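*Asks:* Starting off with a structure, shown below.
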Amino acid sequence: MQPPWWLSFSSIIMLFNFAIMALFIGGFIFILIKVASIDRALKEIAKKLDDN
């Protein structure tokens with residue numbers, strides 16, 4: 010008798026891979042947003058320095 014799909018080993022591996030991929034993509038997007046906000050902050054500082 011075959012176990013249900015959520016108990017089979019290959020599906021666990023698949024879910025694990027999916028979780029790692031999701032974390033990787035999420036972290037990548039998070040870093041992109043952080044870099045964009047830092048870039049914007051640096052431009053604001055440069056603008057303030059130019060005004061003085």
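Just so you know, the sequence shown maps onto residues 10 to 61 in our numbering.
Every residue, glycine too, gets a C-beta built ideally from N, C-alpha and C.
In this text, all values refer to a predicted model and were calculated from it rather than measured experimentally.
#1: Please report the straight-line C-alpha distance between S46 and I29, rounded to a whole angstrom.
#2: In the DSSP assignment, find the unbroken alpha helix (DSSP H) run with S17 in it and report its ends.
#3: Among residues of its own chain, excluding the 5 on either side of L32, which ones have a beta-carbon nearer than 7 Å to its beta-carbon?
*Replies:* Checking against the coordinates, here is how it stands:
#1: Start at 1 with the first residue of the sequence shown, and residue 46 comes out as number 37. Start at 1 with the first residue of the sequence shown, and residue 29 comes out as number 20. Cα to Cα, S46 sits roughly 26 Å from I29.
#2: Here residue 17 corresponds to residue number 8 of the sequence shown, with the count starting at 1. In the DSSP assignment, S17 falls outside any alpha helix (DSSP H), carrying neither H nor E.
#3: Residue numbering aside, residue 32 sits at position 23 when the sequence shown is read from its first letter. Beyond the five residues adjoining it in sequence on each side, L32 comes within less than 7 Å, by CB distance, of no other residue in the same chain.
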